[in-house]
Amino acid sequence: MHNPSQQALNPSSLTANIITALALVRKQKPLVVNITNYVVMNNTANALLAIGASPIMAHSRQEMAEMMQISGSLVINIGTLDSEWIERMLFAVEQANANNKPVVLDPVGCGASVLRTQTARTLAAKANNLIIRGNASEIIALAGEVSQTKGVDALDSSDTALTAAHYLVAHYHANVVISGEVDYIVTASQVIRLSNGHPMMPYVTGMGCSLTALTGAFAAIGETSGLAATAIYAIAGEIAAEQSAGPASLQLNIIDSLYQLNDDQIRQRLNIAVVA
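When we follow our numbering, the leftmost residue of the sequence shown carries the number 1, and every step to the right adds one.
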């Protein structure tokens, strides 16, 4: 499996890699362990099922060691944070490290409170094989810069988070996905811009959380840059929006779009550029 974090590639070969990654997820059906927030558990589980992965929402410390032995990846989403969950998340990352499994971190609301910011940084520092997926404001805050947040909503544009993303890549040896009107994939070797999706998507709660979960599915089959998940989810959202009267129907249609997405749709719709 070619990984954009490992070598410089052009848009044509990146598109081919995305298509290959989707086929592998559908073939292998990787188990993705999710410690995620109450608001989006159903959404993220359905998104993972629709793309072909196998989700499990495992929050108990007692079973985490077993789960990480059989899973392909660990997804941690700090959206509904409390002290008990923090301890479980830290233990889960330890078990992911022990089993050489990738960790996908969604620092929901990082910058909105000291608790969220410190917890996200602690989790990021603990993970050995890390992918960070967040909106621009979360990425900026995680890197220690001043961000503009309103709860869990981003008030910064994706472009403004690139410097912060480069810092996170170097500091945590991570790959970073910046989500927004334009998405960026930032690795040690490349910056890739994706311009798909639809303006209606931010009006459905948990859209970014579902992308984080999908990033875990692709990481489980070796695509740890975050590119394939981001491209596929944005294209699925674009297709779903064309069939939707509003956010409620979009939430349903995006699941169908993920399930039905084919190679031709990816080739025809993907708006990708290598910017560095």
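The C-beta atom is built at its ideal place from N, Cα and C for all residues, glycine as well.
(1) In its own chain, which residues sit with a C-beta less than 8 Å from the C-beta of R269, not counting the 5 before and 5 after it?
(2) Taking C-alpha atoms, which residue in L123, L258 and A219 lies nearest to L90?
(3) Rounded to whole angstroms, what's the CA-CA distance from L24 to V33? Just pull it up for me.
(4) When the distance is taken between beta carbons, is A164 closer than 8 Å to I139?
(5) Which residue wins for smallest C-alpha separation from S210, given the options V274, R26, L14 and Y38?
(6) Buried or exposed: P11, going by 16 or more other Cβ atoms within 10 Å of its Cβ?
(7) Which residues bound the beta strand (DSSP E) around D106?
(8) Do you know how far the Cα of V108 is from the Cα of V152?
(9) Per DSSP, what are the beta-bridge partners of C110 in this structure?
(10) For H198, which residues of its own chain have a beta-carbon under 6 Å away from its beta-carbon, when the five flanking residues on both sides are left out?
(11) So within the region 20-62, which uninterrupted alpha helix (DSSP H) runs reach at least 4 residues, ignoring any that extend past its ends?
(12) With a CB to CB cut of under 7 Å and the five nearest residues on each side skipped, what residues in its chain are close to T215?
(13) How would you label D82, buried or exposed, when you count the other beta carbons within 10 angstroms and need 16 or more for buried?
(14) Would you report the Cα separation of Q69 and T44, rounded to the nearest angstrom?
(15) With A217 and A53 assumed to form a contact (beta carbons below 8 Å), what rounded beta-carbon distance in angstroms separates them?
(16) In this structure, how does DSSP classify A273 when only helix, strand and coil are distinguished?
(17) Using 8 Å as the threshold, is the C-beta distance between R116 and I78 below it?
(18) Ordered along the chain, which non-local residues of its own chain (more than five positions away) have a Cβ less than 6 Å from that of Q6?
Taking the structure as given:
(1) N196, I235, E238 and I239
(2) With distances taken between Cα atoms, L90 lies closest to L123.
(3) Those two C-alpha atoms are separated by around 18 Å.
(4) yes
(5) Here the closest residue by C-alpha is Y38.
(6) Residue environment for P11: exposed (fewer than 16 other C-beta atoms within 10 angstroms of its C-beta).
(7) V103 to D106
(8) Confidence at V152 is low in this model, with a pLDDT of 47, below 50, so its placement is unreliable and the value that follows should be read with caution. Approximately 6 Å, taken between the alpha carbons.
(9) S113
(10) G237, E238 and A241
(11) 41-51
(12) V104, I131, R133, V177, G226 and A229
(13) exposed
(14) 22 Å
(15) 4 Å
(16) strand
(17) For the 8 Å CB-CB criterion, R116 and I78 form a contact.
(18) No answer about Q6 holds up, because its pLDDT of 45 lies below 50 and its placement is not dependable.
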